[in-house]
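Asks: One line per chain: the protein sequences are D, E and Z, in this order. What the first sequence shows, in this note's numbering, is residues 1 to 249, in sequence order. What the second sequence shows, in this note's numbering, is residues 250 to 683, in sequence order. What the third sequence shows, in this note's numbering, is residues 684 to 1162, in sequence order. Glycine is no exception: its CB is placed at the ideal position from the N, C-alpha and C atoms.
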Amino acid sequence: MLTIDNLHARVEGKDILKGLSLSVAAGEVHAIMGPNGSGKSTLGHILAGRPGYEVTAGSVTFAGEDLLAMDTEERARAGVFLAFQYPVEIPGVSNMEFLKASVDAVREHRGEEPLDAVTFMKKAREACKVASLDQAFLKRGVNEGFSGGEKKRNELLQMLLLEPRLGILDETDSGLDIDALQVVAEGVNSLRGADRSFILVTHYQRLLNYIQPDKVHVLAGGRIVRSGDASLALHLEDKGYAWLEDEVA
Amino acid sequence: MGSSMHDTLAAAAAAAPGWLAPARDAARQAWAETPLPTRKTEQWKYTSIAPLEQDFGPGRPVELDAATVDALLPDIGALRLVFVNGHFAPALSSGELPEGLELVRFAEADDSQAARIREHLGSALPEAGHPFATLNGAALGDGLFLAIAPGASIREPLQLAWLTAGDGQAFTVTPRLLLLAGENSCLSVVEHFADAGGSAPSFSNAVTELLLAPGATVNHYRLNLEQGRALHIGGVHARLERDATLNGFCLGLGADLKRLDLVVTLAGPGAHAELDGIYLPRGDEHVDYHTCLEHAVPHCTSMETFRGVIGDRARAVFNGRIHIHPQAQKTRAELSNKNLLTSADAEVNSKPELEIYADDVQCAHGATVAQLDALSLHYLRSRGVSREEAQVMLSFGFVNEVLESARLEPLRDALRPLLARRFARDPSLMRHLA
Amino acid sequence: MSQEVIDERIGKEYAAGFVTDIESDTLPPGLDEDVIRFISAKKGEPEWLLEWRLEAYRGWLEMATPEWAHVHYPPIDYNAISYYSSPKSFEDKPKSLDEVDPELLEVYEKLGIPLHEQEMLAGVAVDAVFDSVSVATTFRSKLAEAGVIFCSISEAVHEYPELVKKYLGSVVPRRDNFYAALNSAVFTDGSFVYIPKGVRCPMELSTYFRINEANTGQFERTLIVADEGSHVSYLEGCTAPMRDENQLHAAVVELVALDDAEIKYSTVQNWYPGDTEGRGGIYNFVTKRGVAHTNAKISWTQVETGSAVTWKYPSCVLRGDNSVGEFYSVALTNNLQQADTGTKMIHLGRNTRSTIISKGISAGRSSNAYRGLVRMSPRAEGARNYTQCDSLLIGDACAAHTFPYIESRNPSAVVEHEATTSKVSDDQLYLCQQRGLDAEKAVSMIVNGFCKEVFRELPMEFAVEAGKLLEVSLEGSVG
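1) Got a sec? Which residues, its chain only, sit under 6 Å from E/Leu395 by beta carbon, not counting five neighbours each side?
2) Along the beta strand (DSSP E) that carries E/Trp411, what are the first and last residues, could you check?
3) Could you give the first and the last residue of the continuous beta strand (DSSP E) run that contains D/Phe117?
4) At least one CB of chain D closer than 7 Å to the CB of E/Arg630: is that the case?
5) Buried or exposed for E/Gly386, please, with buried defined as at least 16 other CB atoms from any protein chain shown within 10 angstroms of its CB.
6) Tell me the residue span of the alpha helix (DSSP H) that contains Z/Cys1115.
7) Under 6 Å Cβ to Cβ from Z/Phe870, same chain only, skipping five residues before and after it: list those, please.
8) Report buried or exposed for D/Gly64, applying the criterion of at least 16 other Cβ atoms within 10 angstroms of its Cβ.
9) Expressed to the nearest angstrom, what Euclidean distance is found between the alpha-carbon atoms of E/Asp314 and E/Leu341?
10) Does Z/Val1098 pass the burial test, meaning 16 or more other C-beta atoms within 10 Å, or should it be called exposed?
11) Alpha carbon to alpha carbon, what distance is there between Z/Tyr948 and Z/Gly806?
12) Can E/Thr423 and E/Asn473 be called in contact, C-beta distance under 7 Å?
13) Hey, could you find the ends of the beta strand (DSSP E) Z/Pro1087 is sitting in?
14) In angstroms, rounded to a whole number, what distance separates the CA positions of E/Ile605 and Z/Leu1015?
15) Touching or not, the segment 626–643 of chain E and the segment 1112–1126 of chain Z, by the rule of three or more beta carbon pairs under 8 Å?
16) If E/Asp492 sits next to E/Pro463, beta carbons under 8 Å apart, how far is it from one beta carbon to the other, in whole angstroms?
17) What's the C-alpha gap between D/Leu166 and E/His441?
18) Determine the DSSP secondary structure at Z/Asp775, reduced to helix, strand or coil.
19) Report yes or no: is there a C-beta of chain E within less than 7 Å of the C-beta of Z/Val1130?
20) Taking C-alpha atoms, which residue in D/Asn95, D/Gln182 and D/Thr3 lies nearest to D/Arg206?
21) Between the alpha carbons of Z/Gly742 and Z/Pro757, how many angstroms are there, rounded?
22) Per DSSP, what kind of secondary structure is Z/Ser853 in: helix, strand or coil?
23) Determine the closest residue to Z/Ser913 out of Z/Ser853, Z/His976 and Z/Trp751, with distance taken between C-alpha atoms.
24) Could you check how far apart the C-beta atoms of Z/Phe1145 and Z/Lys1042 are, in whole angstroms? I think they sit under 8 Å.
25) Interface residues of chain E around Z/Ala1082 at Cβ under 7 Å?
26) Please report the distance separating the alpha-carbon of E/Ile325 from that of E/Gln292.
27) Compare the C-beta of E/Ser635 against all C-beta atoms of chain D and say whether one is closer than 7 Å.
28) Please list the terminal residues of the continuous alpha helix (DSSP H) segment that includes Z/Lys1106.
29) Thinking Z/Gly1032 and Z/Gly1003 are a contact (beta carbons under 8 Å), I'd like their distance in whole angstroms, please.
30) Do you know offhand how far E/Ser297's Cα is from Z/Val939's?
31) Let me check understanding here. Comparing Cα to Cα, which of E/Leu346, E/Gly349, E/Pro307 and E/Ala327 lies closest to E/Val333?
32) From Z/Asn1093 to E/Pro601, what distance separates their C-alpha atoms?
33) Looking at C-alpha atoms only, which residue of D/His203, D/Leu17 and D/Ala127 is the closest neighbour of D/Ser174?
34) Alpha carbon to alpha carbon, what distance is there between E/His614 and Z/Ala1102?
35) Count the C-beta pairs between the segment 32–46 of chain D and the segment 122–135 of chain D that are closer than 8 Å, then say yes if the count reaches three, no if not.
36) Can you tell me whether Z/Asp775 is buried or exposed, with buried defined as 16 or more other CB within 10 angstroms of its CB?
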């Protein structure tokens, strides 16, 4: 599904990723953990194609295609979804308009007809239920005045509707209370399937209690320094990151 | 301005009722002594009235079919009055006059109405005068008098359509509205200016006076949708007594010349004014909004939000003045003006002004000129939306935020597609909006 | 006409007019071309400069007094002003401070700027101006070592004619506006600074101006040229003794920051503001402007507490790509003072940046207006401006105004303007008083807090002086 090879990237003139390699097979859930400033979030933005994030070396192949050669929206249509750590507020554009535009764009790319308004509304309502968001949120401006937790659930709502092939959750768990965390986890679990992969970027092991990862990687100094199974996360929880940093240094 | 303005004034005289003569003659006297503004006149620094330098004859009645009018005017379920080239068009008007609403043309006013018109006409205009309000008075032939009975709360909105339709020769129209809102009365009125097309340039010089008695609430919508050679200079002058509320909303597309002066005087304690506006010039259009909030007494509040998107080679001017008079303690006044320039040849001139002569006040204003937010653009694109559609959505959202403050829902619904169309050259780009 | 002939003629014509009570040469009031010739001749100026002055004068004659500012004062009779006075003792050209007229030095002592102490103040050179003529310059040797030129403009005309000819009027053209044209015609003296390529001026340059003569207009002319990659910080301080009659001051300051250069220009203006009834006080009509070339930076910081009427807009023309303009201002008005001050940021180059922080404080029956222009030209790709204007009102009889002009013709430029007003609240006063501060001290503290963002842009010794100045200026504003 996704192959990252020797990825180097810089942001605002600063090298953040320094030779990151990672391979995620279809259906797998990978957790990427690491101390603050290790480059976790940068990886998500690089994959999503955020302006200002510059790849200086390495390659990313997604479903057999060169991901880095694609525009932001092309990546999204091809099935890459990044749940933002800080979702953007867009007042004046309703959530509904935003979701419909996204879903139509992705469907069109897949050669599917746009959903009629009734069908779309039905799907949107169902997704609201899963994301535990009141339907009133559909009429409000995109993320406008949403609480932190509501924003994260709105990201989940979008993911449920867009049905990506690769879902990247960028610290979606940070700042969430336990109920909201469970909602997000259940949403992700409901989407899990043989055809769909996930990358969970997180600082804490907590999320992994609810979403069982196939693999856990530790990112430090812009590279993956350890990989293992779910037990690695527990180990990190126990020992913190300091011992790793010593190792890297 | 051409020499035939005199003919126009003469024609106006013929149509006007005799009791208007003294007021009109006074205005004519004043007009004769009024220098026309130039670019050196501070209030006209960024707006040239050069497009007025042609001969405008009087506006003649033109038959418009209902389909044309329906295409111009959104159906907002309102009582509708249509004027074409300044002439009342009963066939295009519809609806029943609700109880508590008195509505008459100056030409048909009875003695009591004439007395009230004489008493109040011009009373909301600035003492220092405004050249085009003076011209309006000088050219006044007919006008519309609207009175809401004290305590009357009119649920149905009133739609006043001032349409122009060319008939070969350049012509001028002088709409005038005088509204008296009685104590604790309430009304929504939509003034809708539009051009039905035609071969000739037109010049509308419109004046609206809104007089709100204590406790009255008026929601006033002013849509200036004329474009191209349909020139418009307009003034809305409101005076609010104790605890009165004015909710004003403006939408202006651009034209060869479009200039609006919105002046609200808060004359009684507890009065509150909200003024929102959107301007969307493109092509070679020009639009100029000059707003002024006169806080004349203590304990009044005003909130103002104007936003504009300026494209192509168009030019927008916004001048928002807040004037706190020496006695007006405990005032709260806020103004925000935000602009998006979407083309290398577009231009905006913004001047928010504070003039404060009292100390116990909270006043703030802000103005920005910028482009679409890069992060928002990225967010939309990261969900698969194309750059072009994302730009349309964000531009739309930028002004739709202001539209959402308009209280009349059918009007909001009717205007949304109009706004979206302004940004989407390709209709498919607005399919998810409106 | 030869120099001698001019001298002779003018000397005769005006001989009777000289006021000699404190040994100064003072022209009788009045302005015509002969007066300009007299000034030029008196200073031994070259022909081109005389012509330059006369051109300015002829332009001025056709100009009208600007009336757009939010200030009111009786019309000025320009023929009632004397355009030249110079301390007699200057004729002897003192070589050191010891040779300076002790009377002069005494006046400076009173103003709190004793030259002897100034001399010892490490890092500060002083070019003191007394009634239009430079009387003393110190630290010149140290500056000379670095190649920095810091002298009076009259001296520069003789010593560095190419530089003066090249840059004089290059930023503020001689017919730029009414007051600039007047200044160009009759300027008597001022400072000239040149910082050579790549040089970081080893000390803060400082000039104290003052006005002393009855009915003498002051027409200072300052020209600062920072050559490529150089850096200079210039301080201008102004004080004036009490006067009954209004005095006109129409200075021109031109700054040229060539590629990669930086000029920081700081002012504390504390001229006589008039008495509590508005009698007397200085009319301060100043044109200050700088041009910033590629990657250059010009920063204006001003603390304005004096003058009866202030009309002043230190501006930046951001000509070069990536150039930066800054304007930090505190303007305080009390009693019947009127100020209309602000800045212009003209963005011409790409990625140019400007910041405007303006703090206006109105007390008494005064009027305080911010007037600013931010212009984004079509070429100003990626340019940015941020403006913040705050007004503080003290008492219910004062006025505070904000008139910002924003003109943008580039879709990639960003302009942000914010303005707020507030008063010293009763709650704030009550809190301070409850903690044992008297009302005046409390107001002074609040005002200092209000101005903090600007004060921290000032060189240390100025910041202290500025704080004191506000306190003194606000005396009697709270009852």
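Replies: On the basis of the data shown:
1) Leu352 and Leu428
2) Leu407 to Thr413
3) Per the sequence presented here, residue 117 of chain D reads as Ala, with Phe not at that position. Per DSSP, D/Ala117 is not a residue of any beta strand (DSSP E); the alpha helix (DSSP H) it occupies stretches across Ala117 to Ala131.
4) yes
5) E/Gly386 should be labelled buried.
6) In the DSSP assignment, Z/Cys1115 falls within the unbroken alpha helix (DSSP H) covering Asp1109 to Gln1117.
7) Phe902 and Arg904
8) exposed
9) 8 Å
10) buried
11) In this prediction, Z/Gly806 has a pLDDT of 33, which is less than 50 and means its spatial position is unreliable; what the coordinates show is noted afterwards. Answer to the nearest angstrom: the Cα atoms are 16 Å apart.
12) Contact flag unset, no.
13) Start and end: Ala1082 to Ser1091.
14) Approximately 16 Å, taken between the alpha carbons.
15) no
16) A Cβ-Cβ separation of about 6 Å places E/Asp492 in contact with E/Pro463 under the 8 Å criterion.
17) 51 Å
18) Residue confidence is low: Z/Asp775 scores 45 on pLDDT, short of 50, so the model does not pin down where it sits. No coordinate-derived value is stated.
19) no
20) D/Gln182
21) 23 Å
22) coil
23) Z/His976
24) So it is not a contact: roughly 16 Å between Cβ atoms.
25) Scanning chain E for C-beta atoms nearer than 7 Å to the C-beta of Z/Ala1082 yields Ile605 and Tyr606, reported in chain order.
26) 35 Å
27) yes
28) Following the DSSP letters along the chain, one finds Z/Lys1106 in no alpha helix (DSSP H) but inside the beta strand (DSSP E) bounded by residues Val1097 to Lys1106.
29) With a beta-carbon spacing of about 5 Å, Z/Gly1032 and Z/Gly1003 fall inside the 8 Å limit used to define contacts.
30) 36 Å
31) E/Pro307
32) 20 Å
33) D/His203
34) Going from the Cα of Z/Ala1102 to the Cα of E/His614 covers about 5 Å.
35) no
36) Since pLDDT at Z/Asp775 reaches only 45, below the 50 mark, its modelled position is unreliable, and the value read off the structure follows with that caveat. Answer is exposed; the Cβ neighbour count stays below 16.
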